[in-house]
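Here is the structure we will look at, set down as structure tokens.
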Amino acid sequence: MTEQTVTDGGDFLGRRRELASLRSETERAGLDTLAGRPAPRGRVLLVAGRPGTGRTALAEAFAAELAASGEYPDGVLSARLTEPGGEPVAVERVARELLAQLGVAAPAGGGDAELSDLLTESLDGRAAVLVLDDVADAEQLAELVPDHRACLVVAVAGGPLTGVPDVRPCVLGGLDRPSAVRMLERGAGPVRVTVDPGAADSLAEICADLPAALRLTAGWLAFHPDHTLVDAVRGIATAADHLPLPDSQPLDPADLPLHRAFGLVHAALPTPAARLLRLLALAPEGLVDDHVAAALAGAPVGVGRALLTDFAAFGLLHPVPAPPASSASRVGPQYRVPGCLAPLLAALLRAHERPGEALLARARMLERVVRQLRACLAATEPPGSPAARWLAGLPRSLRFESAKAAADWLAARLPALLAAARLAVSDGELDTLARRLVAALTRALIAHRGADDAAPELYRLHELVLGVAQRQGLTREHAAALLNLGDLDARTGRLAEALARYRAALEVARAEGDAADPLAVGRTLESIGGTYAELNDWQRAADWYGRAVALAQTRDDLAAEARLQGRIGAVLSYDGQLEEALRAWRAAASAHRRSGDAHAYARSLTEAARVLEYAGQYEESERTGREALRLAAGTGDQRLQAALRLRLADAADRLGRAETAAVHRAVAEQLLADTRPAEPPRGGEPDDSSAPTEGNTCETQPKPRHD
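Residue numbers (our numbering): 27 to 733.
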């Protein structure tokens, strides 16, 4: 195979009539009106046609034209609504993808309704074009149409979508013949077309003037400069005879031109290239780069890169634009299998590869992805660390020169990586690799984006872990996944869902009986208590914290016992149960004393002094506060000492000891002065926002409720 390529020349061939029709539809008032005024929702234009008619290219060209005209200054948003295998994409995933293009953070764990509502809210006040490709049905589309007239939806589907109001489809067939011949000319060159215009016309007719078939044929002509157009006519007439049929169904006559053109190209491929081409059916969501190609073929990365370049020239692959924030040269090119070719590749795979060989190729691909993710994570480690040394020992093609380069790669490849994780888990034959892949992707996301920013992706990854754990009977991983999902639900305010997750995790963990992991059980009990505290159900929170305390005591875990006693003291203070709260804070102080943590011991005594103050026991509050001050002085924590001095000053005031109160405040002020920066921040007064006040000094709870 040569290095020649077929380019599009930067223009969009033909379809002037269709573009004019779409333009007129945008200007039409529409039938869906109320009292003569347009309904308050986005207009929907429908581009309908069979795969291979160029329906997506037309929709994208029309959207780009509208954006360039300035009518839709907020640009173009795009998403695919059907997987390469034909399964509809969940509305939640589509909405999340569109929100990401808007720069809007979607909540972790949000469902279809929540995210479609958020998308509508985010589009309010914007004038954007939404290109929704491969729409499965009207219901799927309806959930994504914004309730704003300023937005326009350009939907792409195989045919009319019954149920979408006020929309007339722009139905595509073949190109006009002059445009079809010009597309062939891009591969054949003007000389061959000029010499034999009749053959060019015949070749376009055999291709039914369909853009996909013409592009493939043009690619074949570019790679065979010594062949005539007559040779192409003869070859394409019989090229499909030995190709397997998609889904073993009789071939629809309308699909014959594309089938023939694909057969012409496939027959021209050397054996290694033909094998890689059919293995591309295994690429997650049809997304492939040089590493994926090399792993599928079991070949060096350079071979995979060269073959992908040739495939793109043939029209077998479409380049995927790199994200704006990343450097294409640093990340490397990525391609997508055209939707019209996906069934043909799947049929070839079934016909020519044994199931075991296909499984081995998928395993190689997933193993390569895991190594890339490990390298992506290692790029964040400091020089000289074990991870950095491991990274330096990798082949050059797997190394990242910097953390920035690794982050760019992760951002550019994230859709493919998430698709690989979903595919690995749903397949069910490579669960061990699937678990490793999900774990590696989770660590890389946290390292580069942080747990909060990566929460939406982490939520879906934990759901995948949950599925594998349930299928394999991995009790501890099952419980851990439920806990992680519960934490993310709680963080986004879905407390009822979080509580359900935590209770399910507790049930799973306890199912092991004596083999149950006490740490997991303890964490679950504490999480349930924390959720009840968020729900202001103080008594239940204290009860669940108490169960966790009992478990910590059986393990002689003084740190956990002290922390949990403090939580009990806090929630009981909220509930006005001051006597019980005081006992809990004293128990926490005792545990910290026994563990040797003087700093935490002092803070626990501080909280005990606060509860005594709330209860009106000012003398006892002052004595406890002095003991806490003595301990704090030993830790060297000047801010804690200042906070305690201010609290003792308040207690002294209540006891009528004004001079003592003044001394405490003076010392506190000196301690705070010693901890402030030497110079104030530029452009204003000294920043003392971090200085403790009566309202925030060492305080873990507001004043209690007295019922």
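Beta carbons are placed, not taken as given, at the ideal position from N, Cα and C, and that holds for glycine.
Item, Value
"Start-end ranges of the alpha helix (DSSP H) lying completely within the stretch 382-466, minimum 4 residues", "412-418, 429-453"
"CB contact flag (A307, L392, <7 Å)", "no"
"Separation of L158 from E91, as counted between CA atoms", "16 Å"
"Which residues DSSP lists as bridging H344, in chain order", "R362"
"Nearest candidate by alpha-carbon position, reference A610, set L598, A507, R619, R286", "L598"
"Contact under 7 Å by Cβ, E169 with S142", "yes"
"In DSSP terms, what T108 is bridged to", "P114"
"Beta carbon proximity, Y98 to chain D, threshold 7 Å", "Here there is only one protein chain, and chain D is not present."
"Nearest-angstrom Cα separation, counted from L500 out to D543", "13 Å"
"Alpha-carbon to alpha-carbon, T335 and G36", "Below a pLDDT of 50, predicted positions are generally treated as unreliable, and G36, at 42, falls in that range; no measurement from the model is reported."
"Cα-Cα separation, V130 to W416", "37 Å"
"Straight-line Cα distance separating L399 from L333", "24 Å"
"Helix, strand or coil at Q131 [DSSP, three-state]", "Checking the sequence, you will find Ala at residue 131 rather than Gln. The answer is coil: DSSP assigns A131 none of H, G, I, E or B."
"Runs of alpha helix (DSSP H) wholly within the stretch 473-557 (minimum 4 residues, chain order)", "481-498, 501-517, 521-536"
"Q603 classed as buried or exposed, judged by whether at least 16 other C-beta atoms fall within 10 angstroms", "buried"
"Local Cβ density within 10 Å of E113, reported as buried at 16 or more and exposed below that", "exposed"
"Simplified DSSP state of V179, which is helix, strand or coil", "strand"
"Supposed contact pair G80 and L198 - C-beta distance, whole angstroms, cut 8 Å", "7 Å"
"Beta carbon of A401 nearer than 7 Å to that of L436", "no"
"Buried/exposed call for Q667, threshold 16 Cβ in 10 Å", "buried"
"Between the CA atoms of H488 and L440 - distance to the nearest angstrom", "16 Å"
"A126 to A105 span [Cα, whole Å]", "11 Å"
"Proximity to D174 [Cα-Cα], best of R673, G622, V155", "The question names Asp, but residue 174 is His in the sequence shown. Cα-wise, what sits closest to H174 is V155."
"Length at least 3, wholly inside the stretch 591-662: the beta strand (DSSP E) runs in chain order", "none"
"Distance CB(V396)-CB(L463) smaller than 7 Å", "yes"
"Segment limits, beta strand (DSSP E) that includes L672", "Element bounds for L672: not the beta strand (DSSP E) but the alpha helix (DSSP H), 664-680."
"D159 - containing alpha helix (DSSP H), residue span", "Premise fails: D159 lies in the beta strand (DSSP E), 155-159, not in any alpha helix (DSSP H)."
"Touching by the beta-carbon criterion (3+ pairs, under 8 Å), the stretch 174-185 and the stretch 84-101", "yes"
"Sequence-distant residues of its chain with Cβ nearer than 7 Å to V171 (five each side left out)", "R67, G68, V70, V179"
"Where E97 falls, given that 16 or more other Cβ within 10 Å makes a residue buried", "exposed"
"Residue from H317, G539, A530 whose Cα sits closest to the Cα of G328", "H317"
"Sub-7 Å separation of A134 and T518 beta-carbons", "yes"
"Own chain residues within Cβ distance below 8 Å of L456, not counting five before or after", "L385, R388, A389, L392, A450"
"The stretch 39-51 touching the stretch 201-211, judged by at least three CB pairs closer than 8 Å", "yes"
"Environment of P251 [buried if 16+ CB atoms lie within 10 Å]", "exposed"
"Extent of the continuous alpha helix (DSSP H) run through V693", "684-701"
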